[in-house]
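Peer 1: Quick note on numbering: full-length UniProt numbering labels position 106 of the sequence shown as 106, and the sequence is numbered without any gaps.
Virtual Cβ for every residue (Gly too), placed ideally from N, Cα, C.
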Amino acid sequence: MSRQRKGTPAPIQERVSYHESDEPMARSKEEEEEDRKLLFNGEAMQANIRSVNFSRTFLSLVAGAVAGILGLRGIPGFLFYFVIMAAQSGTLLLKAKLNAAVYFLSLQAVVFDGILPNVLLFVLFWTLIYDYVHIF
1 MSRQRKGTPA PIQERVSYHE SDEPMARSKE EEEEDRKLLF NGEAMQANIR
51 SVNFSRTFLS LVAGAVAGIL GLRGIPGFLF YFVIMAAQSG TLLLKAKLNA
101 AVYFLSLQAV VFDGILPNVL LFVLFWTLIY DYVHIF
């Protein structure tokens, strides 16, 4: 396995052929396609998901602090969070060159996973920083 730069998503799919021989055989394209199997690299997939979850957690913390400093209250604060998460999802898709299937099992893993569980962290830091800056 080749070494990946830290923070760079690793492709999770590899194409392999099970009928490799020294001498070429005359075979149809259908037979060649049947011989090819799509394999998933579990380590790369876990590393990519872990990286996305870490970035969403850290971004939730920072977004909560920024929302508190800006003095956002109520619905505008939650809208701020979802806009930040949408921007992060878009950035991940751009980093994956709009082909999320190479790095993740589905597009849903990039766009939606980890957004709702991190709302509580966002609210915690939002209220904490808001109280420090605007009340105390």
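1. Over the uninterrupted alpha helix (DSSP H) stretch that includes ARG50, give me the two end residues.
2. Does the separation of the CB atoms of ALA63 and PHE80 fall below 8 angstroms?
3. Measuring only the C-alpha atoms, how far is GLN88 from ARG56?
4. Quick check on the DSSP output: the alpha helix (DSSP H) that includes GLY114 runs from which residue to which?
5. State the Cα-Cα distance for the pair ASP113 and ALA86, rounded to the nearest angstrom.
6. Assuming LEU92 and VAL110 form a contact by the criterion Cβ under 8 angstroms, report the distance between their Cβ atoms to the nearest whole angstrom.
7. Could you tell me how far apart the beta carbons of PHE125 and GLY68 are, in whole angstroms, since I believe they sit closer than 8 angstroms?
8. Following the continuous alpha helix (DSSP H) through PHE80, name the residue where it begins and the one where it ends.
9. Looking only at C-alpha atoms, which of VAL102, GLY71, ALA44, VAL52 sits nearest to ILE115?
10. Quick check on the burial criterion: 16 or more other C-beta atoms within 10 angstroms. Buried or exposed for PHE104?
11. Give the DSSP-derived three-state secondary structure of LEU128 in the structure shown.
Peer 2: With the structure as the only source:
1. The residue given as residue 50 occupies position 50 in the sequence shown. Taken as a continuous stretch (DSSP letters only), the alpha helix (DSSP H) holding ARG50 covers 42-70.
2. In the sequence shown, the residue the question calls residue 63 occupies position 63. In the sequence shown, the residue the question calls residue 80 occupies position 80. Cβ distance < 8 angstroms, so ALA63 and PHE80 count as in contact.
3. Taking the first residue of the sequence shown as 1, we reach residue 88 at position 88. Taking the first residue of the sequence shown as 1, we reach residue 56 at position 56. Cα to Cα, the separation comes out at about 8 angstroms.
4. One-based indexing of the sequence shown puts residue 114 at position 114. That residue, GLY114, is in no alpha helix (DSSP H); it is neither H nor E in DSSP.
5. Taking the sequence shown and counting its residues from 1, the one referred to as residue 113 is at position 113. Taking the sequence shown and counting its residues from 1, the one referred to as residue 86 is at position 86. Answer to the nearest angstrom: the Cα atoms are 12 angstroms apart.
6. Taking the sequence shown and counting its residues from 1, one reaches residue 92 at position 92. Taking the sequence shown and counting its residues from 1, one reaches residue 110 at position 110. Right, the Cβ-Cβ distance comes to about 5 angstroms (below 8 angstroms), so this counts as a contact.
7. Here residue 125 corresponds to residue number 125 of the sequence shown, with the count starting at 1. Here residue 68 corresponds to residue number 68 of the sequence shown, with the count starting at 1. Indeed they touch by this definition, with Cβ atoms about 7 angstroms apart.
8. In the sequence shown, counting from the first residue as 1, residue 80 sits at position 80. 75-95 is the span of the alpha helix (DSSP H), which, as asked, contains PHE80.
9. For the purposes of this step, residue 115 is taken as residue 115 along the sequence shown, with counting starting at 1. Measuring from the Cα of ILE115, the nearest candidate turns out to be VAL52.
10. Translated into positions along the sequence shown, residue 104 becomes position 104. That one is buried.
11. As a working note, residue 128 is residue 128 in the sequence shown. The answer is helix: DSSP assigns LEU128 an H, G or I state.
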